[in-house]
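Here is the structure we will look at, set down as C-alpha cells.
Residue numbers (the UniProt record's numbering): 1 to 443.
As C-alpha cells, this is what we get:
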C-alpha cells in the first residue's frame, strides 16, 4: 500500500508539471488561444445579451453631449462622434446633414440619444480597434441587402475609421452603378497593422474586411419566377413582376463569393436583410386594385415570401454544410455563419418628429408595404426556427430603429441616417452577437 503522503506528493508533482507545461506554452506563444480548453475559454464566462433582451430597452438622452448648433454640414461628423468615414458615397446624405437651415436644425440633438438595452443585457464594449482585430483574425463580413443595408455599410465605414479605407471612390466617379461591390480594407497606415495576427494568405491590398452587395430580394427574379411557376402553375400569360427596377444576385453567386479563398476574401459571416422590395408594385402579378383596404393583395406576396425564404434557406444551408471555414491565424479553420437582420420599415411623417418614441405607434396611411414589414419579419423568423437550418440565425433587433422617427435622412422617411445610433447599434450588436452570443449556440 502506498503511503498517503507519497500519494499527495505525487499529485502535487504532477500538478506542477502540468502548470509548468502550461506556462511554457503561454510564454512561447505570441498570441495564445485557449479555445481547446473549455474551462479556460473566455467565451464561456462572458455576459449574455440575446437579441430579444437587446431590443427590449429605451432611448436615453445623453446630457453630457454637445449642444452646439450646426453651422456647416461637416459638423455632423463631430456631433456623431466619428473621426471620419471611409465611404465617400452620398457622404452628407448618409449623415443626415441637409443643406438648408431647416434640415440642420435637428442637430446635435438627433445624435445625442443612446440606446439602453434591457437591464438583463450586457453587450461587449465597442471599440474600432477590437472590431477591426476580429474582422482580420476571425473573418470578414459579407453584407447583402438593399439601400437600408447600404446605409449600415456606410455607418460601419465611419465606426471603423481611420483603420479602414473604402472602395470605390465616389468622389472620382459618382456614377458607379448600385450593383457594384463596395469594400472596406485595412488601412495600410493604421497603427494596428503591427499588432494583428494575420491568417496565412491574407493580403491587406486584396482581402476585404467588409463587402456590401446590393441584393434586394435574396434571389434573382428569374429564380423567383421559376419557383412561383413550380408552386402555383399560373396561366401562361401571368407575369409575376412589373418593370420596376430591382438589383439582385443569385445565391449561387454570392455563396461562392462568401466561400472565396484567400487572398481574394476570408469572410466569416454573411449578414443580410430583405423585405422592403416585396411589394405589390414590383410583384405586380399579385396586385389587386379592388383590395385597397387590404394592401392591394399584399397577403399573396407575403405568402409567396414565406415559400421563397424556405427555398432560400434550403439552398444556403446545403452550401453551409459543405463549405469550409474561414482561415484563422496559424492556419486553423473557423466556422462560417449566416445572420438575418429583421427588416426595417419607414416612419410616416418622420420629419415632424423631434425625438424618439417610447412605444411603436400605429400606422395611419400604410405607405408602400411598411405596415406589413412586421409580418415579413415574423415569416422569415418562423422559417429559420426550423432545426434543419442550424447555421442561419435571425436577429429581431428592429425595435430600437422603430422607435426613431427622428433619425431619417433629410430627403425621405425610409432611410436612416448614420450617426443617430440606429445603424451603429445594428453593427455593434451584430458584432457582439457573432463574437459572444454565437459561441454559446454552436452545435
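Glycine included, C-beta positions come from ideal geometry on N, C-alpha and C. Source: prediction; values computed, not measured.
DSSP-derived helix/strand/coil call for residue i
i, result
"residue 303", "helix"
"residue 257", "helix"
"residue 183", "strand"
"residue 207", "coil"
"residue 368", "coil"
"residue 215", "coil"
"residue 423", "helix"
"residue 54", "helix"
"residue 381", "helix"
"residue 151", "helix"
"residue 81", "coil"
"residue 285", "helix"
"residue 291", "helix"
"residue 175", "coil"
"residue 156", "helix"
"residue 103", "helix"
"residue 435", "helix"
"residue 309", "helix"
"residue 240", "coil"
Pairwise C-alpha distance: residue j and residue i
i, j, result
"residue 308", "residue 74", "43 Å"
"residue 92", "residue 314", "40 Å"
"residue 88", "residue 208", "17 Å"
"residue 53", "residue 117", "7 Å"
"residue 411", "residue 356", "19 Å"
"residue 59", "residue 113", "6 Å"
"residue 360", "residue 327", "42 Å"
"residue 392", "residue 265", "20 Å"
"residue 151", "residue 260", "25 Å"
"residue 276", "residue 185", "29 Å"
"residue 331", "residue 218", "32 Å"
"residue 212", "residue 270", "10 Å"
"residue 236", "residue 229", "10 Å"
"residue 257", "residue 181", "11 Å"
"residue 179", "residue 216", "10 Å"
"residue 312", "residue 267", "20 Å"
"residue 80", "residue 102", "19 Å"
"residue 85", "residue 159", "7 Å"
"residue 305", "residue 376", "7 Å"
"residue 455", "residue 296", "An answer regarding residue 455 cannot be provided, because it is not within the stretch 1 to 443 covered by the chain."
"residue 193", "residue 200", "15 Å"
"residue 413", "residue 196", "41 Å"
"residue 204", "residue 188", "7 Å"
"residue 45", "residue 174", "Note that residue 45 scores a pLDDT of 44, beneath 50, so its modelled location is shaky; the value from the coordinates is reported in the next line. Straight-line Cα distance between these residues: approximately 47 Å."
"residue 402", "residue 371", "12 Å"
Bridge partner(s) assigned by DSSP for residue i
i, result
"residue 408", "416"
"residue 340", "272 and 394"
"residue 122", "In the DSSP output, where bridge partners are listed per residue, residue 122 has none listed."
"residue 225", "Paired residues: none, contrary to the question."
"residue 98", "Paired residue(s): none; residue 98 is not in a bridge."
"residue 167", "183"
"residue 61", "113"
"residue 333", "327"
"residue 140", "267"
"residue 145", "214"
Any chain B beta carbon closer than 8 Å to residue i
i, result
"residue 351", "Looking at the structure shown, chain B is missing, and only one protein chain is on hand."
Whole-angstrom C-beta distance between residue j and residue i, which should lie under 8 Å
i, j, result
"residue 298", "residue 274", "Actually they are not in contact, since the Cβ atoms of residue 298 and residue 274 sit about 15 Å apart, beyond 8 Å."
"residue 202", "residue 263", "7 Å"
"residue 284", "residue 241", "7 Å"
"residue 155", "residue 424", "6 Å"
- Message: Under 8 Å: do the region 365-382 and the region 116-129 share three or more Cβ pairs, one atom per stretch?
- Response: no
- Meets three-Cβ-pair contact criterion under 8 Å: the region 353-370 and the region 428-435: no
- How about the region 327-343 and the region 238-256: do they share at least three Cβ pairs that are nearer than 8 Å? no
- Stretch pair the region 64-83 + the region 136-154: three plus CB contacts closer than 8 Å: no
- Message: Taking contact to mean 3 or more Cβ pairs, one atom from each stretch, closer than 8 Å, check whether the region 345-355 and the region 318-327 are in contact.
- Response: no
- Query: Are the region 126-139 and the region 394-409 touching by the rule of at least three beta carbon pairs closer than 8 Å?
  - Reply: no
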